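Numbering (my numbering), first residue to last: 3 to 106. A virtual CB, placed ideally from N, CA and C, is assigned to each residue, including glycine. Owing to the predicted nature of the structure, the values given are computational and were not obtained by experimental measurement.
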């Protein structure tokens with residue numbers, strides 16, 4: 003998170019990817035800590051302008067979070083908000099916002 007805040011996005015992404023790989027082996031792909039890392043990785047992707055990648059990862063995290071944690075869990079809601087933000091950014095770039103507004 004510190005690297006992300008310092009603007010070292012490539013370094014942050016590489017670190018999140020390494021942590022994610024280890025977590026998926028040790029904890030499983032749908033463990034809450036693994037989902038949190040995936041959410042953080044998607045945020046880095048979003049800040050890098052990789053909106054399609056970020057959106058796909060947010061959608062996968064949201065789906066898993068709803069099953070693992072429940073639809074109203076704070077982490078699930080955080081991911082839903084992050085997905086909406088990524089969708090809103092993409093929509094602004096394409097001149098529309100309607101689809102993202104439904105998630106807020």
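Mapping the DSSP letters down to three states, classify residue i as helix, strand or coil.
i          : result
residue 34 : helix
residue 50 : coil
Quick one: using the 10 Å Cβ neighbour count with 16 as the cut-off for buried, is residue i buried or exposed?
i           : result
residue 35  : exposed
residue 20  : exposed
residue 74  : exposed
residue 113 : As displayed, the chain neither begins before 3 nor continues past 106, which places residue 113 out of reach and without an answer.
residue 27  : exposed
Specify, as a first and last residue, the run of the alpha helix (DSSP H) that residue i falls within.
i          : result
residue 73 : Per DSSP, residue 73 belongs to no alpha helix (DSSP H) and is neither H nor E.
residue 25 : 11-28
Could one say the Cβ of residue i lies closer than 7 Å to chain C's Cβ atoms, at least one of them?
i          : result
residue 83 : Although the question refers to chain C, the structure presented lacks it and comprises just one protein chain.
Out of the options, state which residue places its alpha-carbon closest to the alpha-carbon of residue i.
i          : options        : result
residue 57 : 79, 92, 25, 10 : 92
residue 22 : 41, 11, 12, 9  : 41
residue 79 : 37, 96, 51, 43 : 37
residue 32 : 89, 59, 83     : 59
residue 95 : 67, 71, 51     : 51
residue 87 : 47, 25, 10     : 47
residue 15 : 65, 44, 81     : 44
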